[in-house]
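Student:
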Ligand SMILES: C[S@@+](CC[C@H](N)C(=O)[O-])C[C@H]1O[C@@H](n2cnc3c(N)ncnc32)[C@H](O)[C@@H]1O
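In the numbering used here, the protein residues as written are 1 to 227.
1. Kindly identify the DSSP beta-bridge partner or partners of residue 198.
2. By how many angstroms is the C-alpha of residue 131 removed from the C-alpha of residue 65?
3. Do the CB positions of residue 113 and residue 56 come within less than 8 Å of each other?
4. For the beta strand (DSSP E) holding residue 117, just list the boundary residues, first then last.
5. Could you check whether the Cβ of residue 94 sits closer than 7 Å to any heavy atom belonging to ligand 1?
6. Go ahead and label residue 209 buried or exposed: buried means 16 or more other beta carbons lie within 10 angstroms of its beta carbon, across all protein chains shown.
7. Measuring only the C-alpha atoms, how far is residue 128 from residue 154?
8. Does the beta-carbon of residue 70, which I'm using as the reference point, lie nearer than 7 Å to any heavy atom of ligand 1?
9. Does the Cβ of residue 128 lie closer than 7 Å to at least one heavy atom of ligand 1?
10. So does residue 97 have its beta carbon nearer than 7 Å to some heavy atom of ligand 1?
11. For residue 163, which of 175, 148, 137, 126 has the nearest alpha-carbon?
12. Tell me the DSSP secondary structure of residue 82 in three-state form.
13. Between which two residues does the alpha helix (DSSP H) holding residue 159 run?
14. At the level of alpha carbons, what is the spacing between residue 124 and residue 201?
15. So which of 77, 189, 147 has the shortest CA-CA distance to residue 106?
16. Hey, quick one: how far does the beta strand (DSSP E) through residue 133 stretch, first residue to last?
17. Between residue 146 and the rest of its own chain, which residues show a CB-CB distance below 8 Å, the 5 nearest in sequence each way excluded?
Right, dumping it as structure tokens:
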């Protein structure tokens, strides 16, 4: 546990588990997870400073509700909830990671986070104001990104998941914010504009700036005498 190894003498006064958590460096944070989850962090879980910046971009006012699309062991949700006044929900398809997330959140008594075990295709985005994605679906098309063998991988699933997220994001109101970390960002519909980047362009803030226009059926000709 990082708690035992943390040097209190070298750190500022920390009042609660939540504050204590954000004082961790990634290595200290990650080794609180089971070994298999810890070992995957460098490649698959968002670093603490990136989580903090992303959450700050997403939470415009207290109480905003963020969905982490593919939350892994809950690192973004935990850091987001301890550094902002937002509410964070993570949806995760792998049971092993859901368990690691829930145990970590309970150990540190982190409030305003919920972890849902399931597939993103079963989640409606109606209950959320803002969204975070760290390249969740590309493991279906790039075997080197595959996290484990717990769930089925298929190129078709990449298309299905991407389309679901696109469709849900298209329905959100103007001004909706999405942050992406790495990835092709194919999940973000064209009605969103990238307004800010950080970490060499790997972290992007997108805002819905225009309404998606449905393609119209050609109507009756208004000038039939010209045909
Ligand atoms: C690169 S990890 C990012 C984890 C976390 N968001 C973070 O930033 O630390 C992507 C996660 O998305 C999950 N995932 C991928 N496809 C999913 C789907 N269709 N439904 C739910 N979770 C999914 C994976 O299991 C993995 O844990």
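We treat Cβ as the ideally placed atom computed from N, Cα and C, and that holds for glycine.
Tutor: If we stick to the structure as given:
1. In the DSSP output, where bridge partners are listed per residue, residue 198 has 203.
2. Between residue 65 and residue 131, the C-alpha separation is close to 9 Å.
3. By the CB criterion at 8 Å, residue 113 and residue 56 fall outside the cutoff.
4. 113–117
5. When distances are taken from the beta-carbon of residue 94 to the heavy atoms of ligand 1, the shortest one is below 7 Å.
6. Sixteen is the threshold: since fewer than 16 other Cβ atoms of the shown chains lie within 10 Å of the Cβ of residue 209, the residue is exposed.
7. 28 Å
8. yes
9. no
10. yes
11. Sorting 175, 148, 137, 126 by C-alpha distance to the C-alpha of residue 163 places 137 at the top.
12. helix
13. It spans 155–170 - the alpha helix (DSSP H) in which residue 159 sits, taken as one unbroken run.
14. 29 Å
15. Ranking the options by Cα distance to residue 106, first place goes to 77.
16. 130–134
17. Excluding residues within five positions, the ones whose Cβ falls inside 8 Å are 139, 153.
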